[in-house]
Amino acid sequence: MSGFKHIDKIEAYLYGNTDADERSRFEAELEMDKSLQSEYEAFVAANKAVDRMAFREMLGRAKQNREEIPSKYKKANLHAIAFSVVVLIGVALFWLFYPTKKLQKDDSIPPDLTDSIEWQIQNPADNSGNVEPSSIPPTNQDSIPLPEIRTDQKAKQTEPFVKTPAIADGRPEDFQENPVCEKWLSGTRGGDDISVEVKSPKSTMTFQPDKTGKTELLFSGEVNHAGIINSLNIDILVYNNRATQKPIFTINLPIIFEGSHAAIFNQSHSVKFPKGIYYFRIEDNESGGLLSAGKFYIDGL
Amino acid sequence: MKHLFTDGEMIGAIREGGWAAEKAVKRLYHEPLFWKTAQYLVGQWKGGPADVDDLLQESLWRAYDNIKNGRFHGDSTISTYVIGIMKHLAMNEQTTRKRRSEKLASLPTVDETNPTGNDALLVKEINVLLEQAMANLPKKCKAVLNLWANGYSMEEIMKQLDFENLDAAKNKKKNCMNSLRKWMLENPEKAKWLK
């Protein structure tokens with residue numbers, strides 16, 4: 033069928049399914065038999081080619097990061113000094129004029145604004161902005177503290193999903209929460225100087241697959257840093273509720289700050305995942321530090 | 008916040024494959040020392056940025072392949088090992104270039120705007136051969152083989168690529184490998200460069 037006469041013998045040898053005697057017999061035969069030799073060479077070359085191809089793709093992904101990032105780092109050096117001076121002056125002025133407002137509740141906040149904040153907290157169904165789900169009891173979970181999530185109008189306009197609790201019309205086991213992944217949601221974040229506010233997907237959000245079974249996932253949010261960097265790379269790792277070791281989907285995003293301390297990201301990807309609960313981790317690509325985590329559902333239709 | 012791989016972790020991650028290997032390779036690729044060394048070595052023959060990238064890519068591939076297949080015994084650190092490979096490749100490259108330039112010296116003109124144009128590092132030629140070998144494989148074949156080479160189980164491959172069942176995924180992988188082996192068998196001269 034394949035045109036190879038010695039396929040079993042070669043595979044057994046290459047993949048270590050032979051004992052010492054068989055190995056030495058094979059090696060002796062390899063010396064003598066030209067056709068076995070050619071086939072063996074072809075097998076080794078094919079394996080190596082596949083490995084090389086996989087490595088090349090892996091390196092390509094790493095390369096993509098490098099091409100987009102280091103030149104920015106280089107450019108950052110001069111601007112960074114000036115920028116840091118401005119920031120320091122700004123911070124000094126802030127502390128000079130508003131010495132007590134940072135850590136204490138400010139009595140001078142107009143009552144209407146305070147009311148507005150409380151109103152938003154008390155109305156979890158409202159999706160119009162500044163909702164803090166960390167203070168809202170989740171509708172379909174028990175007592176898992178959720179990461180702080182904010183929305184803004186711009187992100188809201190592009191969110192192609194419906195805010196409903198997941199309805200498990202897929203396999204029930206695919207909707208079971210994974211305790212390890214659940215810990216990510218409340219775990220400590222990796223960086224003191226970098227933070228990520230996820231705007232999409234919000235926890236308990238449900239993405240709806242289309243008729244072909246494809247789901248448009250949208251990841252958006254804001255990355256903030258307190259240091260002097262012009263760019264960084266983040267990885268968004270998506271897991272199902274079974275595999276916590278290996279993500280089922282990965283997105284690498286270069287984040288360019290362009291002199292600012294904040295940058296937004298907005299990435300949508302069409303995937304074909306079965307219905308179920310999914311978790312995601314946002315990590316600093318370089319250090320692997322956890323910056324944020326969340327979960328969402330794929331369900332409906 | 009930074010997590011630096013120890014050599015032991017790096018070796019473990021590469022041998023584990025999949026996502027762990029991907030992280031290890033990223034770390035290796037972003038190591039500034041390797042870039043500086045590659046830039047220095049390529050500067051010796053006045054090569055361009057593409058040559059730096061090629062030299063680094065080939066050095067990392069060889070190191071990765073040797074680590075993965077147990078041919079790196081830890082007699083040195085990984086960084087010393089990679090730099091050693093890089094120096095070895097650079098020396099070969101310089102020798103080849105010298106021979107070529109001696110032959111070219113008698114020619115009347117040289118395109119100085121593109122000094123490395125026809126004189127690229129061997130890795131470019133290997134990449135061309137790799138492209139040729141893979142050219143006849145359907146897209147799905149490449150995807151299967153890529154995942155397989157990255158250490159994903161056949162079950163994971165089945166799920167990720169929407170195969171009907173495990174046997175379908177296994178058969179696909181087998182047929183794809185056989186197509187590739189057939190190409191190697193029919194093109195032994197090219198195949199030997201890919202080993």
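For the record, the sequence lines run as chains A and B.
Position one of the first sequence corresponds to residue 33 (this note's numbering), numbered consecutively onward.
Position one of the second sequence corresponds to residue 8 (this note's numbering), numbered consecutively onward.
Quick reminder that beta carbons are idealized off the backbone N, C-alpha and C, glycines included.
First through last residue of the beta strand (DSSP E) which encompasses residue i
i	result
I296/A	294-303
T44/B	Here T44/B belongs to no beta strand (DSSP E); instead the alpha helix (DSSP H) covers 39-51.
Y271/A	263-272
F239/A	237-239
E324/A	Checking the sequence shown, residue 324/A turns out to be Ser, not Glu. Its beta strand (DSSP E) spans residues 322-330.
K234/A	From DSSP, K234/A is part of no beta strand (DSSP E); its letter is neither H nor E.
S83/B	Segment: none, S83/B is in no beta strand (DSSP E) and carries neither H nor E.
R313/A	308-316
Whether residue i touches residue j by CB criterion (8 Å)
i	j	result
L48/B	L62/B	yes
F297/A	V255/A	yes
W26/B	K278/A	yes
A258/A	Y36/B	no
V228/A	S319/A	no
A295/A	I283/A	no
K214/B	L137/B	Any property of residue 214/B remains undetermined from this structure, which presents chain B solely from 8 to 202.
I21/B	I74/B	yes
F251/A	Q299/A	yes
L173/B	E162/B	yes
A150/B	M165/B	no
G4/A	S235/A	Outside the shown range of chain A (33 to 333) lies residue 4/A, about which nothing can therefore be said.
V82/A	L187/B	yes
M191/B	A78/A	yes
L249/A	D316/A	no
Y311/A	C213/A	yes
S70/A	P195/B	yes
M17/B	I90/B	no
E73/A	A198/B	yes
K80/A	K202/B	yes
L168/B	K146/B	no
A97/B	Q51/B	yes
I268/A	L285/A	yes
N182/B	G24/B	no
Exposure of residue i, with buried meaning 16 or more beta-carbon neighbours within 10 Å
i	result
F36/A	buried
L144/B	buried
G161/A	Bear in mind that a pLDDT of 34 at G161/A, under 50, signals an unreliable position, so the number given afterwards is only what the model happens to contain. When all chains shown are included, G161/A counts as exposed.
M90/A	buried
S232/A	buried
Q64/B	buried
N273/A	buried
T183/A	Unreliable placement is indicated for T183/A, whose pLDDT of 33 sits below 50; no coordinate value is reported for it.
R78/B	exposed
Y47/A	exposed
I121/A	exposed
T247/A	buried
R106/B	exposed
L217/A	buried
V117/A	exposed
V123/A	exposed
N178/B	exposed
Terminal residues of the alpha helix (DSSP H) in which residue i lies
i	result
N185/B	173-193
Y45/A	39-46
G19/B	14-23
N210/A	Element bounds for N210/A: n/a, residue is neither H nor E.
D53/A	52-64
Y71/B	56-75
N153/B	146-156
I164/B	161-167
Chain D contact for residue i (CB, 8 Å cutoff)
i	result
L249/A	Any reference to chain D falls outside this structure, whose protein chains are A and B.
Beta-ladder partner(s) of residue i, from DSSP
i	result
P286/A	N265/A
I226/A	H257/A
T247/A	V303/A
S252/A	S232/A, N298/A
F281/A	V270/A
query = What residues from the stretch 45-68 of chain A come within 8 Å of chain B, judged by C-beta to C-beta, listed N to C?
reply = none
Residues from the stretch 128-147 of chain B in contact with chain A, defined by Cβ distance under 7 Å = When C-beta distances to chain A are compared with 7 Å, the residues of the stretch 128-147 of chain B below that value are L137, A140, M141, in chain order.
task = Compile a chain-ordered list of the residues in the stretch 68-85 of chain A whose CB is closer than 7 Å to at least one CB of chain B.
result = S70, E71, E73, A74, F75, V76, A77, A78, K80, A81, V82, D83, R84, M85
ask   = If you measure beta-carbon to beta-carbon, which residues of the stretch 93-105 of chain B are closer than 7 Å to chain A?
value = If the cut-off is 7 Å between Cβ atoms, the stretch 93-105 of chain B has nothing near chain A.
key: Contacting positions in the stretch 264-278 of chain A - beta carbon closer than 7 Å to chain B   = K278
message = Short of 9 Å Cβ to Cβ, which residues in the stretch 306-327 of chain A face chain B?
response = P306, D316, N317, E318, S319, G320, G321
query = In the stretch 27-38 of chain B, which residues sit with their C-beta less than 9 Å from some C-beta in chain A, listed in chain order?
reply = A27, A28, E29, K30, V32, K33, R34, L35, Y36, H37
key: Contact set between the stretch 59-74 of chain B and chain A, restricted to residues whose Cβ is under 8 Å from the partner   = Those residues of the stretch 59-74 of chain B placed with their C-beta closer than 8 Å to a C-beta in chain A are D60, Q64, L67, W68, Y71, D72, ordered along the chain.
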